[in-house]
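Remarks on the structure that follows.
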DNA sequence: CTGTTAGCGCATTCAT
DNA sequence: ATGAATGCGCTAACAG
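Chains as they are written, first to last, in this note's numbering: chain A, 42 to 395; chain B, 42 to 395.
As structure tokens, this is what we get:
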């Protein structure tokens, strides 16, 4: 019923091995033979059996991309860039790697599950995007899972996530590309301080995420440098990285300190929710309250007023991660690189009212 | 080196067949034996070899989700919903299907390439999301590719895409869930007409997409019903489904007719670009020009003014597609179902100036 | 440059 | 309820 490589071989009057060789293109084959084989492939409408091929070769052309939230452009942009880089990397027809994105929904369990599934498929590489959960038990589980994946030949790349705490574990990852969340948040806060703000509320992400912690640390470092109380719990509220959290947390912040003159959000999406809450209270942005986000997602420039934020090179970093995963680029010194963010000062921030 | 099923069998003092049976859970096994096997699996840290398993069983647990643009939440939301539905569908541990999303970037070639890759993997199901390209050659190529996939046992579900033109081809797809793009666009235009608008510009999507065509048809149907020129080419501009297109096309529309009182955009993202262009020209929304989008993505309600649009049940439709793909739900009558959109009249539309 | 040979690791008959 | 035997379709030595 189904056409196999042997059928193609018979039709082209060559051995199965030869067919395999032209299909994989990694071995010299006479041009005439190759043509004959290719013609047979076309005539029989043959499609390679992936599982059989992976079984025999002990590797597959699958590359997994793990994301926390596929509906969030922050991840979508990175995933798209990784995928493009992986597709472009291959020259020969048929030699394409298949990049597949897996949506963990931010759940540690699903993250582990997907890694197991990818391990099962003998994935060629795995790119883990976004902040990691900092729970010790989960960290350990992840580290050992990654080590086993690496032992099985899977390349591991971290994108927007810090290297594993234990150096021995980190050895199993090819490279970690992290964003300068601390620096970005610090510059954002400094920008606000320079404008004259002293009562700044902070809508943070989920408490147990590295991204959340780093951004918060940067924010607090700037406050401390300005002689303000760096750990003013009154002015920090945690919540998910979504619009609703921005809305609710901002309302809460306002309740705690009605005199707030600025709200810093964990990311742009949260900032949008913050704006909505502020506006609903009759507060103008930036005249009454300044607002800033993080990431500079495409919609941020179209917010009204345009959102002050920190631009992260998601596209470039994603592409680089893709090249690293397919060995199209040398890993950075020590396997870790930090890519910076750029402060985009726009209309949503201004000096506080007098 | 790598632990195989045979190793587990040896450790558990049973035959490989028994191990296979407890792992797949589709065969009676004594509780005591099962425990012994599971313990051995845990102790040896065994992970099933996917390719080998797929080869022997002639099927895999991969489900492909094709999207036009993974960075666009329109697709992200659907993909996430499909993925959740697929994950939830499975009861037994280890029996998880692996949903993988493939980013075609809107390119017909990449769409075909991914389908071949999925065919190669003997995917259990494929969900094709978003509008289709209407080029006849590509349609034919797609139809034959889908038929071969279906012949190989892969379930095909169309999500937000019309059934294949040829009934014989459509037989190979399990179900087509389409959005009522025509009806939604028509209601949107009627809303504008009722407000008193007569000079309405339309920023359409790429010319060769079904979604584009249907939305445009709905718009024109409403115009015709109101006695206006339905095919006023002067007031229609095509472009990609992105912000830049909305920006540029709106500028063009304004150039053609500076007296425009409303701009209808192909989707919400495009509408945001349209707003930016309008604002830059010093035009107020909605006092000078009304604007409306389509889809009701999460950010639309936070636009200023809040965007009038048509809400599509992306989440629900995605979940349903996922259930259909995993046979967790009966296909609709005739294999085709249309899900409606809801007009969300918000602040970005108002009567034209007098 | 091409053919021959031997598994890759598992699911599945068929026995028992 | 369990074991033994067979082959899924392909790649990778090894010859020639």
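All C-beta atoms in this analysis are idealised placements derived from N, C-alpha and C, irrespective of residue type, glycine included.
| Asked | Found |
| --- | --- |
| Straight-line Cα distance separating residue 99 of chain B from residue 59 of chain B | 20 Å |
| Contact with chain B by residue 162 of chain A, beta-carbon distance below 8 Å | yes |
| 4-residue-minimum alpha helix (DSSP H) runs that sit fully inside the region 106-135 of chain B, ordered along the chain | 114-130 |
| Spatial distance of residue 367 of chain A from residue 140 of chain A (CA atoms) | 11 Å |
| Any chain B beta carbon closer than 8 Å to residue 183 of chain A | no |
| DSSP state of residue 340 of chain A mapped onto helix, strand, coil | helix |
| Beta-carbon gap between residue 93 of chain B and residue 106 of chain B smaller than 8 Å | no |
| Within-8 Å CB hit, residue 195 of chain B to chain A | no |
| Option nearest residue 219 of chain B by Cα separation, candidates B:153, B:50, B:312 and B:362 | B:362 |
| C-alpha distance - residue 20 of chain B paired with residue 152 of chain B, whole-angstrom precision | A query on residue 20 of chain B cannot be resolved here, the shown segment of chain B reaching from 42 to 395 and no further. |
| Paired residues, beta bridge with residue 312 of chain A - DSSP | Looking at the DSSP assignment, residue 312 of chain A forms no beta bridge with any residue, so it has no partner. |
| Rounded C-alpha distance that separates residue 184 of chain A from residue 61 of chain B | 28 Å |
| First through last residue of the beta strand (DSSP E) which encompasses residue 169 of chain A | 166-170 |
| Whole-Å CB distance - residue 284 of chain B paired with residue 339 of chain A, under 8 Å assumed | 6 Å |
| Buried or exposed by the 16-neighbour rule on C-beta atoms within 10 Å, applied to residue 223 of chain B | buried |
| Neighbour flag for residue 79 of chain B against chain A, beta carbons, 8 Å | no |
| Inter-residue spacing [alpha-carbon to alpha-carbon] between residue 133 of chain A and residue 87 of chain A | Interpretation of residue 133 of chain A is limited by its pLDDT of 36, a score under 50 that renders its predicted location unreliable; the figure taken from the coordinates is listed afterwards. Taking the straight line joining both Cα atoms gives about 17 Å. |
| Enclosing alpha helix (DSSP H) for residue 46 of chain B [first to last residue] | 46-53 |
| Distance, residue 358 of chain B Cα to residue 364 of chain B Cα | 10 Å |
| Through-space distance from residue 320 of chain A to residue 394 of chain B, alpha-carbon basis | 26 Å |
| Chain A within 8 Å of residue 321 of chain B, Cβ atoms only | no |
| Three or more C-beta pairs below 8 Å linking the region 341-356 of chain B and the region 320-332 of chain B | yes |
| Min CB distance residue 137 of chain A to chain B below 8 Å | yes |
| Given 8 Å, three or more beta-carbon pairs between the region 276-293 of chain B and the region 310-317 of chain B | yes |
| Three-pair Cβ contact test at 8 Å for the region 186-196 of chain A versus the region 226-244 of chain A | no |
| Residue environment, residue 145 of chain A, which counts as buried when at least 16 other CB atoms sit within 10 Å | buried |
| Proximal chain A residues relative to residue 96 of chain B, where beta-carbon distance stays under 8 Å | 90, 92, 93 and 96 |
| Of the listed residues B:67, B:201, B:168 and B:112, nearest to residue 103 of chain B (C-alpha basis) | B:168 |
| Per DSSP, cross-strand counterpart(s) of residue 277 of chain B | B:243 |
| Partner residues on chain B for residue 169 of chain A, Cβ-Cβ distance less than 9 Å | Residues of chain B passing the Cβ test: none, with the nearest at roughly 15 Å. |
| Chain B contact for residue 340 of chain A (CB, 8 Å cutoff) | yes |
| Pick from B:84, B:123 and B:65 that is closest to residue 97 of chain B, judged by C-alpha positions | B:65 |
| Interface flag, residue 65 of chain B vs chain A, CB-CB below 8 Å | no |
| Identified DSSP bridge partners for residue 220 of chain A | A:380 |
| Proximal residues of chain B, C-beta to C-beta of residue 199 of chain A below 9 Å | Residues of chain B passing the Cβ test: none, with the nearest at roughly 20 Å. |
| Residue 188 of chain A CB to nearest heavy atom of the ligand NAP below 7 Å | With respect to the ligand NAP, the structure shown offers nothing to examine, as it has no ligands at all. |
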